[in-house]
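Inspection log for the structure reproduced underneath, given as structure tokens.
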Amino acid sequence: MNFFPTPYPDEILYSTLGRYCIRSGNIKEIHNFEDLFSTRNCIASVELPSKIDALIENMPVNSIYTAEYFIYNHTLFPFYAAFIEPQRAEKIIKSMRSGRGADAYIRLGLVSNSIDLNKYFRFCPQCFMEDIEIYGEPYWHRIHQITGVFVCPKHKAPIYNSQVLVRGGSRQRFITPSIDNCIVEKEIYYPNEYIEKMIWMAEDAQRLLNSRFDFKEQEWFKRQFRAKLIEKGYARMNNFVHQKKLAQDFIDFYGEDYLKLVQSPVQNKSQNWLSSMVRYNNRITFTLRYLLLARFLGIPLDTLFNERIGFKCEYDDIDSYQQLWEKRLVELSQLGLSIREIANILDSTPKTVRRAIDKLGIETFWKYNGGGKYVNKKYTDTNEFKVKRDHLRAEWIKLHNKYPNKSSNQIRQSHQALYRWLSKYDLEWLRQHSRRKANISSTVDWNKRDKELLSKVKEVVKELQQGKPQRITWSTIGSRLGVNGWLLKRKDKLPLTREYIESVKEGLQEFHIRKIKWAIDKLEKEDKEITYWNLVEVAGVKPRYLKFISKEIKDILIEKGYNCDFL
Ligand SMILES: [Zn+2]
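Residue numbers (this note's numbering): -17 to 549.
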């Protein structure tokens, strides 16, 4: 080549090569391939092009470009390879420099059919116009070609499919964008709640493209995620993960439709790509799923790659915690405690304890009665027990001093393990050192609450008055609002609401009369005869109640001109 076009910012290499072809003056397309790669035996590849070494060889003499420069700045390698191990990244770079075309895709798992790469080249109409203005021609942007990116991070607007196939025809041509193949046929509008998530994805993808984060082992990411899961209450230190809760919250966070759009639906709540991602295995998944999980957990990309996420506990990292946990387990299993008791002390589950015992090959007391330190002693007689008890007692007192306005019950809520242990082994002491404290004087603005509640109550009453009759009482209103019980107890603090409910609530007879009126209307509408049994059935009022309101029913029927001999 005696010239090579300067790549534009974030231009994908394919696009630069396309611009070369336009200017090369070659009549046959295939001659361009000979110019660029010294061979006809290769294809135009978009995301992860290969034979880049050959391309560099063929550059004009004083050209400054290196293979690495192109790979990092003008291909999708930094995105698709962001979460793979260093050795594999090396191999992929090698494939892109001199290997077979498909190797990089295979090594990244992009040929398996679990994710479909984009079918068409994509473009942002605003970037398209701006590029023409600034550079005199449009070009294909890297960020727009990423599968799962739906908006342009610069313009925060939807990107569109062009008419150019990414993998079409003989693939021995480089097609540049133009006003003929980049047409907005129909404007795209995404729901607002998607747009926010789409912008996250676009911005994160852009960070990956431009940041050159270090490659890390899978274990690093697994641990980062695990630490955050523990912090957020989705996992315990002992490797247990609340998969169902995690899956549900994740779905609620993104919405099922958005997850489908990014080809990452979470269908089965306990077995899915998400559950696999948070388990300790070496499986690598698609980049966008790491991004989805990181956003969900609130981990910024810089932190995810560069800072070890800490554990909010007294131990520095999970290893030393795990070691301590196992050491305690060995000790406890020598004490003749049941698995359930051990699980309680360790704040774990019997299943986990049993598994750990098997894994560690512990000779437990109930399997092997000898050699243990305290075999002939009860746990509560051991010195260890006394040390622990004193420690936990002190802890309990400390918490009560720290939160003078909280009752023991409230303190217990956030210190379940402590409470459980004391109530199991030290109940008498616990009783003597617990307090019931009235709630501190509340700062609730009851006037405001009363007014707000009143309008809600009015709506509920309106609903109750429509359709099939439901009796209007304090408790039906309360349950509709989800504050049954609370409402009755607080009614003296809510004068407006109280007065209103008292004025509309129904006695039993009143309610039965309303039911009968409703039944008469219904029978009329359905053109059915008004008989005793029809009324009983449609109104749902039992005959033994009917006799108490027969006078009222008669009045209604007479007024409507019906015969009421049956009453
Ligand atoms: Zn744009």
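All C-beta atoms in this analysis are idealised placements derived from N, C-alpha and C, irrespective of residue type, glycine included.
Exposure of ALA184, with buried meaning 16 or more beta-carbon neighbours within 10 Å: buried
Could you pull out every unbroken beta strand (DSSP E) segment of at least 3 residues lying fully inside the stretch 100 to 168, listed in chain order? 102 to 105, 142 to 147
Proximity to SER258 [Cα-Cα], best of VAL244, ASN288, HIS224: HIS224
Helix, strand or coil, according to DSSP, for GLU67 in the structure here? coil
State the CB to CB distance for the pair LYS497 and PRO451, rounded to an integer number of angstroms; the pair is presumed to be in contact (CB under 8 Å). 5 Å
Can you list, in chain order, the stretches of the alpha helix (DSSP H) that have 4 or more residues and sit fully within the stretch 179 to 226? 200 to 213
Near ligand 1: GLN245 beta-carbon under 8 Å from a heavy atom: no
So, with DSSP's three-state summary, where would you put GLU511? coil
Can you list, in chain order, the residues of its chain with a C-beta nearer than 6 Å to that of TRP348? Leave out the 5 residues immediately preceding and following it. A caution first: TRP348 carries a pLDDT of 49, below 50, which makes its placement in the model unreliable, though a value can still be read off. Nothing meets the Cβ criterion.
My guess is that GLU29 and GLN108 are in contact by the Cβ rule of under 8 Å, so how many angstroms apart are they, rounded? Between GLN108 and GLU29 the Cβ distance is about 23 Å, and since that is not below 8 Å, they are no contact.
For the putative contact between PHE203 and TYR172, defined by C-beta atoms under 8 Å, what is the C-beta separation to the nearest angstrom? With a Cβ gap of about 29 Å, PHE203 and TYR172 do not count as contacting.
Inter-residue spacing [alpha-carbon to alpha-carbon] between GLN491 and PRO247: 54 Å
Would you call PHE530 buried or exposed, if buried means 16 or more other Cβ atoms sit within 10 Å of its Cβ? exposed
Flag this pair as yes or no: are the beta carbons of LEU(-5) and ILE34 separated by less than 9 Å? yes
Status (buried if at least 16 other CB within 10 Å, exposed otherwise) for TYR87: buried
To the nearest angstrom, how far is it from the Cα of LYS384 to the Cα of TRP378? 10 Å
Nearest-angstrom Cβ-Cβ length linking PRO159 and PHE105, presumed shorter than 8 Å: 6 Å
Let me make sure I understand the geometry here. Which of PRO(-11), MET180, LYS101, ARG194 has the alpha-carbon closest to that of ALA63? ARG194
Using the C-alpha atoms, what's the distance from LEU191 back to PHE278? 21 Å
Closer than 5 Å is what we want: which residues have a beta carbon that near any heavy atom of ligand 1? List them in chain order. CYS106, GLN108, CYS109, CYS134, LYS136, HIS137
Identify whether GLU488 lies in helix, strand or coil by the three-state DSSP scheme. coil
Is the CB-CB distance between ALA71 and PHE197 below 9 Å? yes
Can you list, in chain order, the residues of its chain whose CB lies under 7 Å from that of GLU67, leaving out five sequence neighbours each side? PHE197, GLU199, GLN200
Exposed unless 16 or more other CB atoms sit within 10 angstroms - verdict on ASN55: buried
Please state whether the Cβ-Cβ distance between VAL244 and LEU274 is less than 9 Å. yes
Tell me the DSSP secondary structure of GLU554 in three-state form. Residue 554 lies beyond the stretch modelled for the chain, which goes from -17 to 549, so this question has no answer here.
Delimiting residues of the alpha helix (DSSP H) encompassing GLY460: 456 to 463
Hey, would you say LEU58 sits closer than 9 Å to TYR102, going by beta carbons? no
Can you tell me whether ILE141 sits near ligand 3, meaning its C-beta is under 8 Å from at least one heavy atom of the ligand? Ligand 3 is absent from the structure shown, which contains only ligand 1.
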